[in-house]
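Participant:
Numbering (our numbering), first residue to last: 4 to 156.
1. If residue 97 and residue 127 are in contact, beta carbons under 8 angstroms, what's the gap, nearest whole angstrom?
2. Between residue 4 and the rest of its own chain, which residues show a CB-CB distance below 8 angstroms, the 5 nearest in sequence each way excluded?
3. Less than 7 angstroms between the beta carbons of residue 10 and residue 37, yes or no?
4. Taking residue 62 as the reference, which of 75, 56, 48 and 74 has the closest Cα?
5. Where residue 26 and residue 149 are concerned, what is the direct C-alpha to C-alpha distance, given to the nearest angstrom?
6. Would a C-beta distance cut-off of 7 angstroms place residue 147 and residue 88 closer than the cut-off?
7. Which partner residues does residue 60 have in the DSSP bridge list?
8. Do you know whose CA, among 76, 75 and 60, lies nearest residue 69's CA?
9. Could you spell out the range, first to last residue, of the beta strand (DSSP E) harbouring residue 27?
10. In terms of residues, what are the limits of the alpha helix (DSSP H) holding residue 122?
11. Does DSSP put residue 112 in a helix, a strand or coil?
12. Is the Cβ-Cβ distance between residue 28 and residue 52 less than 7 angstroms?
13. If you check the beta carbons only, do residue 108 and residue 120 fall under 7 angstroms apart?
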């Protein structure tokens, strides 16, 4: 059974495909269709449809929470990786890293083998000896440095 966030992501991507890469949706209507609360739609938008993932999300106040989502025009692999570095910030969870790497492979900014190797290095198992209080910070630093290394190729 698919997780709710995956279902919502799939619904949004389907709307984008049907509308040439741009769609205006109502957060409440989408939440109703997915049988969830609007905050879950907001979560999916912020984690799966960010600039680093190749999307621009514009919120409009009022009008039932209208949101316009657009796919960013294709960019070079280095530009995409640079956007990912900017997106990460000071900490990164294992799940966030997995999503970012999957998206990088999907858009062709990284090979699957590179993403798999990087994910292994970023996993909780690899960072088991790092104190859990700083693990996300260490993971973010490793992630950003690895992406910089990929850009030097």
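Even for Gly, the Cβ is constructed at its ideal location relative to N, Cα and C.
Because the structure is a prediction, the values reported are computed rather than measured.
Facilitator: Let me lay it out:
1. On the chain shown, position 94 is the one that residue 97 refers to. On the chain shown, position 124 is the one that residue 127 refers to. About 5 angstroms separates the two Cβ atoms, so the contact holds.
2. Taking the first residue of the chain shown as position 1, residue 4 is located at position 1. With a pLDDT of only 47 at residue 4, under the threshold of 50, the placement of this residue in the model should not be trusted, and no figure is reported.
3. Here residue 10 corresponds to residue number 7 of the chain shown, with the count starting at 1. Here residue 37 corresponds to residue number 34 of the chain shown, with the count starting at 1. The answer is yes: Cβ separation under 7 angstroms.
4. Position 59 of the chain shown, counted from the start, is the residue given in the question as residue 62. The candidate whose alpha carbon is nearest that of residue 62 is 48.
5. As a position in the chain shown, residue 26 is number 23, starting the count at 1. As a position in the chain shown, residue 149 is number 146, starting the count at 1. Each residue's CA atom was taken as its position, placing residue 26 and residue 149 some 34 angstroms apart.
6. For the purposes of this step, residue 147 is taken as the residue at position 144 of the chain shown. For the purposes of this step, residue 88 is taken as the residue at position 85 of the chain shown. At a Cβ-Cβ threshold of 7 angstroms, residue 147 and residue 88 count as neighbours.
7. As a working mapping, residue 60 is identified with position 57 in the chain shown. According to DSSP, residue 60 shares a beta bridge with 72.
8. Translated into the one-based positions of the chain shown, residue 69 becomes position 66. The option with the nearest alpha carbon to residue 69 is 60.
9. As a working note, residue 27 is residue 24 in the chain shown. For residue 27, the enclosing beta strand (DSSP E) starts and ends at 25 to 29.
10. Position 119 of the chain shown, counted from the first residue, corresponds to residue 122. Boundaries of the alpha helix (DSSP H) harbouring residue 122: 115 to 125, taken from the DSSP string.
11. In the chain shown, residue 112 corresponds to position 109, counting from 1. Under the three-state reduction of DSSP output, residue 112 falls in the coil class, being neither helix nor strand.
12. As a first step, residue 28 must be located in the chain shown, where it is residue number 25. As a first step, residue 52 must be located in the chain shown, where it is residue number 49. Cβ atoms of residue 28 and residue 52: not closer than 7 angstroms.
13. The count along the chain shown starts at 1 and reaches residue 108 at position 105. The count along the chain shown starts at 1 and reaches residue 120 at position 117. Taking C-beta atoms as the reference points, residue 108 and residue 120 fail to come closer than 7 angstroms.
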